[in-house]
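Going left to right, the sequence shown walks through residues 374 to 433 as the working numbering numbers them. Here is the structure we will look at.
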Amino acid sequence: MVKGRQGERVRLYVRGTVLGYKRSKSNQYPNTSLVQIEGVNTQEEVAWYAGKKMALHLQS
């Protein structure tokens, strides 16, 4: 039986900004979005996020 939360809370998301779609000089590929994740600046850090699912939260 789980009695309660032990330790500090863990945030399960990372903020990011949608930059646009993957594209070449003349073509745009709308099935692949480019996202800038806050705090992720190197190729090694990006490797962990590659292939993960993303949720879009719109503020109104």
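We put the CB at the ideal spot given by N, CA and C, even for glycine.
For residue i, three-class secondary structure by DSSP
{"i": "Val408", "result": "strand"}
{"i": "Tyr386", "result": "coil"}
8 angstroms Cβ cutoff, residue i in contact with chain C
{"i": "Leu429", "result": "Of the protein chains in the structure, only one exists, and it is not chain C."}
Element boundaries [alpha helix (DSSP H), containing residue i]
{"i": "Val413", "result": "Run containing Val413: none; DSSP gives neither H nor E here."}
Integer Cβ distance of residue i from residue j, believed to fall under 8 angstroms
{"i": "Leu429", "j": "Leu407", "result": "That pair is no contact at about 14 angstroms."}
Beta-carbon proximity check, residue i vs residue j, cutoff 8 angstroms
{"i": "Val387", "j": "Ile410", "result": "yes"}
{"i": "Tyr422", "j": "Thr405", "result": "no"}
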